[in-house]
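Here's the structure we're looking at; comments come further down.
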Amino acid sequence: MYLASFLHDGQLKFGFRTKDENSLVDAVEAEKQLFSNTLLPQTLREVIENPAAMARLREMSDKASQIPANYIVPLSEVTLEAPIPNPKRDIICLGLNYHEHALEYTAAMEKAKNVPQYPIVFSKATTTVIGTDQKIRSHRHVTNQIDYEAELAIVIGKEGTNIPEEEAYDYILGYTIINDVTARDLQKRHNQWFLGKGLDTFGPMGPYLVTADEIPTPVHLNIQCRVNGEIRQNSNTKFLIFDIPTIIKTVSAGITLQPGDIIATGTPKGVGIGFEPPRFLQEGDVVEVEIEKLGVLRNTIA
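Numbering (my numbering), first residue to last: 323 to 624.
See the structure below:
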């Protein structure tokens with residue numbers, strides 16, 4: 323399923339994309355027509371937290387041909403929000419998780435060139451999250467060095483702690499795209515990355531949450547970032563230094579992962595700070611992150 327949260331007629335709704343890829347099913351309203359008892363809550367985050375509700379959503383997807391047309395909304399009539407517009411917990415992020423990016427970043431930051439021996443993990447505030455086609459605020463009062471980072475994000479589907487690598491995929495609900503927008507000057511100024519990564523609107527996400535059954539494992543997907551149509555990043559998730567099972571094992575060691583947790587897996591080579599001179603984002607720039615099978619996440623700097 324391609325799950326989405328969206329605004330329609332001034333209301334936040336959720337549902338799934340139709341097979342023709344041109345419309346969305348209003349899940350809550352459609353459920354009332356298909357079933358005598360209703361299980362769906364009001365938000366996609368609550369569905370993810372409720373196994374019975376998620377099972378109902380899958381059943382509805384299987385019965386999509388029976389859904390009346392008046393509960394199907396053309397994409398042209400909605401505003402897509404992030405799939406999980408208000409995450410319950412901060413986004414878990416991996417840093418320097420592609421070999422060539424680790425080298426370009428350490429060189430640009432005037433640090434010893436090396437590749438991490440262990441995963442670098444940090445967090446990104448929930449208030450960073452915006453949807454596709456929404457504006458990334460420039461925050462010029464605190465930064466002059468806005469950079470992009472195209473990333474594959476994992477969405478956790480069930481609770482787990484100390485998850486072994488061989489069971490990692492069992493805990494994944496699905497995948498989405500995230501642009502880990504970064505203020506490089508703040509990142510360099512502070513030993514911790516939270517401020518540089520955590521400014522409001524610096525976490526564009528979407529356009530869909532694509533359930534794991536749509537994506538073959540291991541997850542090897544082409545990933546690309548374009549700025550004003552120019553390709554800046556072009557790689558594949560098979561080049562992750564620490565793969566998805568390793569990531570889940572690492573971040574769940576002694577820490578309970580919960581349904582709806584989001585894990586950004588790192589960005590490949592080609593970020594703005596890696597150029598000589600650096601090529602930071604400016605107001606009016608259009609940034610597109612595209613990942614195979616997941617779609618295109620598009621945002622403008624404002």
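C-beta atoms are modelled at their ideal positions from N, C-alpha and C, and glycine is treated no differently.
- Sequence-distant partners of F561 (beyond 5 residues in either direction) whose C-beta falls short of 6 Å from its own C-beta, in its chain, are Y420.
- Counting along the chain, the unbroken beta strand (DSSP E) around S557 starts and ends at E552 to N558.
- Taking a 10 Å sphere around the C-beta of V549, we find 16 or more other C-beta atoms and assign the residue as buried.
- Contact between T504 and G525 does not hold, since the beta-carbon distance rounds to 10 Å and is not under 8 Å.
- Apart from sequence neighbours up to five positions away, the residues of its chain that approach I406 with a beta-carbon distance below 8 Å are S327, L366, R367, I370, V451, V477, M527, L531, G582 and I584, ordered along the chain.
- I394 has its alpha-carbon roughly 12 Å from the corresponding atom of E343.
- Rounded to whole angstroms, V541 and K446 show a C-alpha spacing of 23 Å.
- Annotation for E351: Y393 place their beta carbon closer than 6 Å to its own, counting only its chain and skipping 5 residues before and after.
- For Q546, the enclosing beta strand (DSSP E) has its first and last residue at N544 to V549.
- Counting the other Cβ atoms within 10 Å of the Cβ of I553 gives fewer than 16, which makes it exposed.
- In this structure, I595 and D469 form a Cβ contact; the two beta carbons are roughly 6 Å apart against a cut-off of 8 Å.
- By the neighbour-count definition (other C-beta atoms within 10 Å, threshold 16), G332 is an exposed residue.
- Pairing P441 with G576, the inter-Cα distance amounts to about 15 Å.
- A429 is not a Cβ neighbour of P438, given a cutoff of 8 Å.
- Around the beta-carbon of E598, fewer than 16 other beta-carbon atoms lie within 10 Å, marking it exposed.
- Residue burial is scored here from C-beta neighbours: K571 has at least 16 other C-beta atoms within 10 angstroms and is therefore classed as buried.
- If you look at E536, you'll find it isn't in any beta strand (DSSP E); DSSP assigns it neither H nor E.
- Per DSSP, the continuous beta strand (DSSP E) segment holding L334 begins and ends at Q333 to R339.
- A check of alpha carbon separations from R506 across E536, M431 and T559 identifies M431 as the nearest.
- V464 counts as exposed, since fewer than 16 other C-beta atoms from the protein chains shown sit within 10 angstroms of its C-beta.
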